[in-house]
Amino acid sequence: MVGIIGYGTQIPRYRIKVKEIAKVWGADAEALSKGLNLYEKSVPAPDEDTATLSVGAAKNALARSGIDPKLIGAVYVGSESHPYAVKPTGTIVSEALGICPHVHTADLEFACKAGTEGMFIALHLVKTGVMECALAIGADTSQGAPGDALEYSASAGAAAFLMGTKNIVAELVDTQCYMTDTPDFWRRENAHYPEHGGRFTGKPAYQKHVFGAVEAILEKTGMKPKDFDYLIFHQPNGKFPVQAAKQLGFTEAQYRYGLLTPTLGNTYSGSSPMGLAATLDEAGPDQLILLVSYGSGAGSDAFVFRTTKHLLTNRDLAPRVRKQLNEHLQYLEYGEYAKFRGKILKPE
Amino acid sequence: MNVPRHWRETPERYRMEAAKCRKCGKISFPARLICPECKNKVFDKINLSGKGKLLTYTIIRTAPEGFVDIAPYAVGIVEMKEGVRVMGQITDCDLLSLKTGDKLISRFRRINEEGKTGLIMYAYKFVPDVGI
Ligand SMILES: [Zn+2]
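As you go down the protein sequences, you meet chains A and B in turn.
For the first sequence, the numbering used here assigns the number 163 to the initial residue and increments by one for each residue that follows.
For the second sequence, the numbering used here assigns the number 4 to the initial residue and increments by one for each residue that follows.
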């Protein structure tokens, strides 16, 4: 048996409201918020980045699992905002957690799917007996170009999952991937902001791959939408995952715990993993969870987990997602936000 | 701070690694070669819990080079649960409501960078311990 033995998240305490951004660009905030089901987003402090958020999330996962960090054989950090172009985030994170030196690490990139890629690898390394424990993290401090639609949603956060075979809180039932080459979103080397292929967003991208992964894993496992207690889809905004869930025959009761985007924004690689963490915060034992990520470029990873009774004692050992999301917030004006995100041009 | 020194101090800066004297139990942070209490030279490595309370602090308004953009900010001395005192920056806090005795917890953060193309230096800072 293999599965999650500890999980944790980290969310910066700073927020900016959609209407504060809309004010600067003369956009209709109400229409934006209603259309995208998006009201505010997290903003990293100037001293936070993918490495620092990863360490925070992983410390919470370690606290929940109670294991010695030296037992961890692999650390995978999925992100599209690694602090360096060349120099791994994984070494920084492993060193800060006291896992070095007997560890395999890799930085993964696949737009918003990089977090679940790490989970996929970590789960299978443990499953095949290569190592006792493996750590997978999805983290981002993503940026949208000023005034671009993505500026309203691109936010920051991290989720970490420790995979193992003892004291499992959510057992892995099955996985399935769905991947094609799709030009919906990209960022070239040295480009500060990503570009998106307008009409490729939505139907031929998000929908096609999420639907493809869901249909494939339902067929593989012989399960139906109503068999699942909970559902988490990637959440680039609050509209896409809700629409997709309804079209596929899922209900609000299944996705409500995992839907964080309306007040968190899109944490990219952290998005669906953080939704999974928020669902584990609330789920009971012996419940089925379906997790489906999406990354532009494009692809989806689907996972089926079954919770265990250990979840109930384990989850009180670190802060829950909704507490990090809703408490001790500090709201920024656009000017402060621009300074925090390095959007202000200063003389050298 | 230069790159070799930052690298050398990684254990204490990244994970608050301290030395616990095997003879008298005194904890030294940063680690020492000789115990200041009993002169013993054998230690066990431990990581500080990161939890403590604020003993004293000051607010930096005229910051040195490399820290100008984050001013004003607080720097304080924190008494850790393990008894040692540690100096560090206090962030994610309301400077006006900060007071001695506040419960703080360490966080792994960016401290500085060697310009936009140089090394990024990470280390501990402190934030209010509010359970998140
Ligand atoms: Zn001693």
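All residues carry an ideal CB built from backbone N, CA and C; glycine is no exception.
In angstroms, rounded to a whole number, what distance separates the CA positions of residue i and residue j?
i, j, result
"ILE394/A", "ARG25/B", "50 Å"
"ASP302/A", "MET293/A", "27 Å"
"SER304/A", "PRO435/A", "16 Å"
"ILE62/B", "ILE80/B", "12 Å"
"HIS490/A", "LEU98/B", "15 Å"
"GLY374/A", "TYR340/A", "6 Å"
"ASP47/B", "LYS84/B", "18 Å"
"LEU479/A", "PRO7/B", "37 Å"
"LEU334/A", "HIS472/A", "14 Å"
"ALA284/A", "THR342/A", "23 Å"
"LEU51/B", "PRO14/B", "11 Å"
"GLY137/B", "GLY411/A", "Look at the range of chain B in this structure, 4 to 135, and you will see that residue 137/B is not part of it."
"GLY432/A", "THR94/B", "23 Å"
"GLY308/A", "ARG350/A", "Correcting the residue identity first, residue 308/A is Pro in this sequence and not Gly. In a straight line, the C-alpha of PRO308/A is about 18 Å away from that of ARG350/A."
"LYS508/A", "ALA500/A", "12 Å"
"ILE313/A", "ASN488/A", "Before going further, note that residue 313/A is Glu rather than Ile in the sequence given. In a straight line, the C-alpha of GLU313/A is about 21 Å away from that of ASN488/A."
"ASP132/B", "ASP336/A", "39 Å"
"ALA296/A", "ALA321/A", "14 Å"
"VAL404/A", "VAL372/A", "12 Å"
"THR327/A", "SER227/A", "11 Å"
"LEU36/B", "PHE347/A", "54 Å"
"ALA268/A", "VAL255/A", "11 Å"
"VAL288/A", "GLY384/A", "25 Å"
"HIS266/A", "VAL186/A", "45 Å"
"GLY400/A", "ARG477/A", "26 Å"
"SER317/A", "PHE502/A", "12 Å"
"ASN5/B", "LYS119/B", "15 Å"
"SER315/A", "TYR456/A", "16 Å"
"ALA225/A", "PRO245/A", "25 Å"
"TYR368/A", "SER458/A", "8 Å"
"GLY168/A", "VAL483/A", "14 Å"
"GLU116/B", "ILE123/B", "4 Å"
Since I believe residue j is in contact with residue i (beta carbons under 8 Å), could you give me their beta-carbon distance rounded to a whole number of angstroms?
i, j, result
"LEU450/A", "VAL466/A", "7 Å"
"VAL130/B", "ILE108/B", "6 Å"
"THR425/A", "TYR201/A", "6 Å"
"TYR430/A", "ILE183/A", "With 8 Å as the limit, TYR430/A and ILE183/A do not qualify as a contact, their Cβ atoms being about 18 Å apart."
"ILE178/A", "TYR493/A", "7 Å"
"LYS221/A", "GLY170/A", "7 Å"
"SER204/A", "GLY319/A", "6 Å"
"LYS102/B", "LYS56/B", "That belief does not hold up - the Cβ atoms of LYS102/B and LYS56/B are roughly 10 Å apart, past 8 Å."
"SER437/A", "ALA332/A", "What sits at residue 437/A in the sequence shown is Gly, not Ser. Wrong, their Cβ atoms sit about 13 Å apart, outside the cutoff."
"TYR355/A", "GLY306/A", "7 Å"
"PRO208/A", "PRO174/A", "Not confirmed; about 10 Å, so no contact."
"PRO481/A", "GLY28/B", "With a Cβ gap of about 31 Å, PRO481/A and GLY28/B do not count as contacting."
"GLY252/A", "GLY300/A", "That belief does not hold up - the Cβ atoms of GLY252/A and GLY300/A are roughly 13 Å apart, past 8 Å."
"TYR60/B", "ALA74/B", "In fact, because the Cβ distance is near 15 Å, the residues do not count as touching under 8 Å."
"ALA528/A", "GLN338/A", "Chain A is shown only over 163 to 510; residue 528/A falls outside these bounds and no answer can be derived."
"THR278/A", "SER243/A", "About 17 Å separates the two Cβ atoms, so there is no contact after all."
"GLU82/B", "LEU58/B", "5 Å"
"PHE564/A", "ALA223/A", "Given a span of 163 to 510 for chain A in the structure shown, any question on residue 564/A remains unanswerable."
"ILE30/B", "VAL89/B", "Wrong, their Cβ atoms sit about 11 Å apart, outside the cutoff."
Which residue or residues does DSSP assign as beta-bridge partners of residue i?
i, result
"ARG110/B", "LYS128/B"
"PHE46/B", "CYS24/B"
"SER462/A", "TYR340/A"
"ALA296/A", "ALA236/A, MET325/A"
"GLU116/B", "ILE123/B"
"LYS185/A", "In DSSP, LYS185/A forms no bridge with anything."
"ALA512/A", "The structure shown does not extend to residue 512/A, since chain A is modelled only from 163 through 510, so no value can be given for it."
"MET90/B", "ILE80/B"
"PHE282/A", "In the DSSP output, where bridge partners are listed per residue, PHE282/A has none listed."
"ARG8/B", "Beta-bridge pairing links ARG8/B to no other residue."
"GLN492/A", "TYR176/A"
"TYR456/A", "None; TYR456/A has no bridge partner."
What residues from chain C crowd round residue i, counting only those whose CB sits closer than 8 Å?
i, result
"ARG88/B", "Here the protein chains are A and B, and chain C is not one of them."
Query raised in the report: Which runs of the beta strand (DSSP E) fall wholly inside the segment 192-249 of chain A and span at least 3 residues, in chain order?
Result: 202-205, 234-240
**Report entry** contact_flag[the segment 215-226 of chain A, the segment 259-267 of chain A] where n(CB pairs < 8 Å) is 3 or more
**Finding:** yes
Query raised in the report: Within the chosen definition, does the segment 379-397 of chain A reach the segment 460-477 of chain A through at least 3 CB pairs nearer than 8 Å?
Result: yes
**Report entry** Length-filtered (4 minimum) alpha helix (DSSP H) runs lying within the segment 357-445 of chain A
**Finding:** 370-383, 402-409, 414-417, 423-426, 433-442
Query raised in the report: Is there contact here, the segment 10-21 of chain B with the segment 119-127 of chain B, by at least three beta-carbon pairs under 8 Å?
Result: yes
**Report entry** Three or more C-beta pairs below 8 Å linking the segment 52-71 of chain B and the segment 23-43 of chain B
**Finding:** no
Query raised in the report: Residue ranges of each beta strand (DSSP E) run of no fewer than 3 residues wholly in the segment 303-358 of chain A, ordered along the chain?
Result: 318-326, 332-341
Query - Whole runs of the beta strand (DSSP E) within the segment 26-88 of chain B, excluding any shorter than 3 residues - result: 46-50, 54-63, 76-83
Query - Sufficient close CB pairs (3 or more, under 8 Å) joining the segment 271-291 of chain A to the segment 188-197 of chain A - result: no
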